[in-house]
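Numbering (this note's numbering), first residue to last: 3 to 247. Think of the CB as a built atom: it goes at the ideal place given N, C-alpha and C, for glycine as much as any other residue. Here the structure is a predicted model, which means the values were calculated and not measured.
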Amino acid sequence: MLGGHDLGAAGALLTREFFARPALDVAHRLLGCVLEHQTADGLVAVMLTEVEAYEGSADPASHAYRGRTARNAVMFGPPGHAYVYFTYGMHFCVNLVCLPEGTASAVLLRAGRVVEGAALAAARRAASRNGSVAGGAPRTVADRELARGPARLCQALGIDRALDGADVCDPASPLRVRSARSARGGPATPPISRGPRVGVNSGAQRPWRFWLTGDPTVSPYRPHVPRVRPKPVWAPDRSDGTMQQ
DNA sequence: CAGCTGATTTCCT
DNA sequence: GGAAATCAGCTGG
């Protein structure tokens, strides 16, 4: 939707105060809010449908559990900034920092519904697949799959480490968050479900994942499963008893 | 749909 | 050196 005039229901930017509270509090309030990223290619916006709260020093599943590092430094900074990290050698995930400077809680943005820039989002998602499709029909990405999962959400929005530390409360920032549209004939508070966080080991019993009940863009739940030994084999005996690696 | 596996690199013990 | 806040492709039921 292009903003012609009087989008009365268009959400205002979330304030610093909104984020200056515990992550558990911020998490469920973020559901229904809109994350948007403006780039030279255009604007992509998603309505958040799934989030997870991470406490800092008190939460063994948090990246900040063992203190400040180069990677997680932004989490210890002021609220309302994006903490973007790189994982599994290929994926980015984005969090929004909570609580005052000095503490390190944050909310992981796990999924959303694309509400603007769907064509650009789909192009980014498809491009990450194969770059160019030779001869065959390009695989299309279903609308509901565009931002279904934390790494997919970052792909659809074009988020990477360059946005680590971005202030999402600043109107001049390329990455911003708008409040949920107030009820205009709709329910003021949609039904929210909660359950254990995805893919975490320590602290898996804490039900700190929140999502919009029944929303098709919410990612499927996967419990944490440690991978088995990757290389049980070694080079045949060469009589010197040495092994590679 | 459930389940398994490879990809790929950064960070920390 | 190993695990990681993941995803896509493939197999089999």
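Using a Cβ distance threshold of 9 Å, residue 85 and residue 77 count as a contacting pair. Per DSSP, residue 214 is one residue of the beta strand (DSSP E) stretching across 211–214. The Cβ-Cβ distance between residue 106 and residue 167 does not fall below 9 Å. Judged by beta-carbon spacing, residue 14 lies beyond the 9 Å limit of residue 115, meaning their Cβ atoms are not closer than that value.
Each residue's CA atom was taken as its position, placing residue 146 and residue 79 some 34 Å apart. Contact between residue 39 and residue 148 does not hold, since the beta-carbon distance rounds to 13 Å and is not under 8 Å. Taking residue 163 as reference, the option from 92, 69 and 218 with the minimal CA-CA separation is 92. If you compare the alpha carbons of 46, 51 and 199 with that of residue 113, the shortest gap goes to 51. If you draw a straight line from the Cα of residue 71 to the Cα of residue 165, it comes to about 18 Å.
Comparing alpha carbon positions, the residue from 201, 202, 203 and 193 closest to residue 212 is 193. Put simply, the backbone Cα of residue 30 is about 31 Å away from that of residue 42. In this structure, residue 119 lies near residue 46, with their beta-carbon atoms less than 9 Å apart.
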